[in-house]
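If you read the sequence shown in the numbering used here, its first letter stands for residue 490, the second for the next number, and so on. Data first, discussion second: the structure below is written as structure tokens.
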Amino acid sequence: MKQYRVAVVGATGMVGRKFLEVLEERQLPVSEYFLFASKRSAGKEITFMGKKHTVRELTDDAFQGLDIDIALFSAGGETSRHFAPIVASTGAVVIDNSSCWRMDPDVPLVVPEVNPDAIPGYKKKGIIANPNCSTIQAMVVLKPLSDAYGLKRVVYSTYQAVSGAGQQGYMDLVDGLKGEAPKKFPHPIAGNCLPHIDVFLDTGYTKEEQKMIDESRKILSLPELRVTATTVRVPVYHGHSESINIEFERPFELSELRALLEKAPGLVVQDDVANNVYPMAIHAADTDPVYVGRIRRDFSVENGINLWCVADNIRKGAATNAVQIAQELIRQWEA
490 MKQYRVAVVG ATGMVGRKFL EVLEERQLPV SEYFLFASKR SAGKEITFMG
540 KKHTVRELTD DAFQGLDIDI ALFSAGGETS RHFAPIVAST GAVVIDNSSC
590 WRMDPDVPLV VPEVNPDAIP GYKKKGIIAN PNCSTIQAMV VLKPLSDAYG
640 LKRVVYSTYQ AVSGAGQQGY MDLVDGLKGE APKKFPHPIA GNCLPHIDVF
690 LDTGYTKEEQ KMIDESRKIL SLPELRVTAT TVRVPVYHGH SESINIEFER
740 PFELSELRAL LEKAPGLVVQ DDVANNVYPM AIHAADTDPV YVGRIRRDFS
790 VENGINLWCV ADNIRKGAAT NAVQIAQELI RQWEA
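Written out as structure tokens, the structure is:
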């Protein structure tokens with residue numbers, strides 16, 4: 490197998506460091522890694538893969554002559570908007586974690602367990618988009634159900650960890666528990682829930698809610714899917730939790746539906762309410778699967794269910810999903 494050359498852009502940030510952790514765990518066929526960050530972080534040394542790497546400054550010509558095959562980006566939307574096309578022009582495939590490219594019709598939006606067949610679409614622009622963290626975990630649950638029963642309507646209610654708002658969001662909870670005022674959020678998060686993630690749009694929805702709606706339709710290739718969302722920030726450090734209400738096109742047997750979820754890639758069913766077993770953020774933290782439970786009929790509609798799913802938003806919701814895309818990309822290249 491060929492040995493590839495991989496870059497990590499934004500290597501010193503919260504998600505960037507998790508990229509490095511997941512890459513060490515998964516041991517891709519890589520001959521050399523290159524770590525990039527902003528001018529502020531350039532020159533720092535990071536021990537990775539058993540050796541010290543000096544972080545390079547990301548500039549317009551930083552990739553010239555490096556012959557990079559894959560570049561994992563987690564450096565923010567404006568950075569990606571500027572640098573992703575430049576890096577792609579050198580021949581590298583950019584896997585971007587920002588929201589910048591997700592809804593571009595010429596950029597595939599990929600959850601490897603759900604739509605790996607979309608990956609070859611990168612050839613149009615040299616970019617693959619990593620979906621929003623809350624969308625990723627929902628897709629792993631919805632895909633097998635969509636294939637089996639057809640989706641008529643989906644209602645998301647999310648309970649999202651502070652780490653989803655970056656290091657400062659995380660610190661707002663740490664500091665808030667000490668009685669300090671928030672710096673990231675508009676209100677205290679300690680002992681509180683904020684029905685406000687990202688900016689509000691003219692529709693009254695937040696940008697986070699609209700992302701879930703738009704991305705779900707694109708990933709599932711269901712542009713007319715009826716879907717709505719309410720996203721809430723909660724005082725949890727790691728792990729997004731979601732209540733998902735689904736109305737199907739076709740009838741189902743609950744036992745058959747459970748069996749489908751138990752066989753689905755990337756899913757772990759935790760649904761033994763008699764023994765208080767159900768997914769919780771505290772158990773999902775620092776793991777890669779999506780956990781699903783509280784699976785039960787919605788008796789208010791003809792073919793409906795309610796379920797609860799949880800995943801680590803920094804791992805499966807960001808770093809792990811991006812690395813999985815890289816693994817699948819390499820697999821397709823080698824096939």
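We treat Cβ as the ideally placed atom computed from N, Cα and C, and that holds for glycine.
Neighbourhood of N604 by C-beta distance below 7 Å, restricted to the same chain and skipping five residues each side
In the sequence shown, counting from the first residue as 1, residue 604 sits at position 115. These residues qualify, in order along the chain: I708.
Among V582, V600, I625, S789, which residue has its Cα nearest to the Cα of Y611?
Along the sequence shown, one-based indexing puts residue 611 at 122. Of the candidates V582, V600, I625, S789, the residue whose Cα lies closest to the Cα of Y611 is V582.
Could you tell me how far apart the beta carbons of D661 and V651 are, in whole angstroms, since I believe they sit closer than 8 Å?
Locating residue 661 in the sequence shown gives position 172, where the first residue counts as 1. Locating residue 651 in the sequence shown gives position 162, where the first residue counts as 1. Yes, D661 and V651 are in contact; Cβ-Cβ is about 6 Å, under 8 Å.
Taking 8 Å as the threshold (C-beta atoms), are M701 and S623 in contact?
Within the sequence shown, the letter at position 134 stands for residue 623. Within the sequence shown, the letter at position 212 stands for residue 701. M701 sits close to S623, with the two beta carbons spaced by under 8 Å.
Can you give me the C-alpha to C-alpha distance between P675 and Q492, rounded to a whole angstrom?
Looking up residue 675 in the sequence shown gives position 186. Looking up residue 492 in the sequence shown gives position 3. Cα to Cα, P675 sits roughly 47 Å from Q492.
Per the DSSP calculation, C682 is bridged to which residue(s)?
One-based indexing of the sequence shown puts residue 682 at position 193. The partner list for C682 (beta bridge, DSSP) is empty, contrary to what the question assumes.
Which value, in whole angstroms, describes the spacing of the CA atoms of G774 and M503?
On the sequence shown, residue 774 is found 285 positions in, with the first residue counted as 1. On the sequence shown, residue 503 is found 14 positions in, with the first residue counted as 1. Correcting the residue identity first, residue 774 is Ala in this sequence and not Gly. Taking the straight line from one Cα to the other gives about 15 Å.
C-alpha gap between L743 and Y638, whole angstroms
Numbered from its first residue, the sequence shown carries residue 743 at position 254. Numbered from its first residue, the sequence shown carries residue 638 at position 149. Straight-line Cα distance between these residues: approximately 12 Å.
Using a 10 Å radius around the Cβ and a threshold of 16 neighbouring Cβ atoms, would you call V688 buried or exposed?
In the sequence shown, counting from the first residue as 1, residue 688 sits at position 199. So V688 counts as exposed.
Could you check what DSSP says for H542 in three-state terms: helix, strand or coil?
In the sequence shown, counting from the first residue as 1, residue 542 sits at position 53. Three-state result, H542: strand.
Determine the burial state of F552: buried for a count of at least 16 other Cβ atoms within 10 Å of its Cβ, exposed for fewer.
Here residue 552 refers to the residue found at position 63 of the sequence shown. Around the CB of F552, 16 or more other CB atoms lie within 10 Å, so the residue is classed as buried.
Rounded to whole angstroms, how far is the Cβ of V630 from the Cβ of C798, which I believe are closer than 8 Å?
Walking along the sequence shown from the start, residue 630 turns up at place 141. Walking along the sequence shown from the start, residue 798 turns up at place 309. That belief holds up - the Cβ atoms of V630 and C798 are roughly 5 Å apart, short of 8 Å.
Could you give the uninterrupted runs of the alpha helix (DSSP H) lying entirely in the segment 656–731, keeping only those of 4 residues or more?
Listed in chain order, they are 696–708.
Beta-carbon gap between N810 and E704 smaller than 8 Å:
In the sequence shown, the residue the question calls residue 810 occupies position 321. In the sequence shown, the residue the question calls residue 704 occupies position 215. No. Outside cutoff.
Run through DSSP, which three-state label would V651 get?
Here residue 651 is taken as the residue at index 162 of the sequence shown, counted from 1. Here V651 sits in helix by DSSP.
Ignoring anything shorter than 4 residues or poking outside the segment 575–653, list the alpha helix (DSSP H) runs there in chain order.
622–638
What distance in whole Å lies between the Cβ atoms of V779 and V511, which are believed to be in contact at a cut-off of 8 Å?
One-based indexing of the sequence shown puts residue 511 at position 22. One-based indexing of the sequence shown puts residue 779 at position 290. Their Cβ separation, rounded to whole angstroms, is 15 Å, which puts V511 and V779 out of contact at 8 Å.
Take every Cβ of the segment 745–757, pair it with every Cβ of the segment 777–795, and state whether three or more of those distances are shorter than 8 Å.
yes
Do the CB positions of Y648 and V723 come within less than 8 Å of each other?
The count along the sequence shown starts at 1 and reaches residue 648 at position 159. The count along the sequence shown starts at 1 and reaches residue 723 at position 234. Yes, Cβ-Cβ distance for Y648 and V723 is below 8 Å.
My understanding is that F523 touches L547, with C-beta atoms under 8 Å, so please give their C-beta distance in whole angstroms.
Working through the sequence shown from its first residue, we reach residue 523 at position 34. Working through the sequence shown from its first residue, we reach residue 547 at position 58. Actually they do not touch by this definition, with Cβ atoms about 11 Å apart.
In angstroms, rounded to a whole number, what distance separates the CA positions of D801 and R545?
By 1-based counting over the sequence shown, the position of residue 801 is 312. By 1-based counting over the sequence shown, the position of residue 545 is 56. D801 and R545: Cα-Cα distance of roughly 29 Å.
Should P605 be counted as a contact of the ligand HEM given a C-beta to heavy atom distance under 7 Å?
Among the components modelled here there is no ligand, and therefore nothing to report on the ligand HEM.
Where does V790 sit, in a helix, a strand or coil, going by DSSP?
Against the sequence shown, residue 790 aligns to sequence position 301. Here DSSP, grouped into helix, strand and coil, assigns V790 to coil.
By how many angstroms is the C-alpha of A564 removed from the C-alpha of C589?
As a working note, residue 589 is residue 100 in the sequence shown. As a working note, residue 564 is residue 75 in the sequence shown. Cα-Cα distance, rounded: 11 Å.
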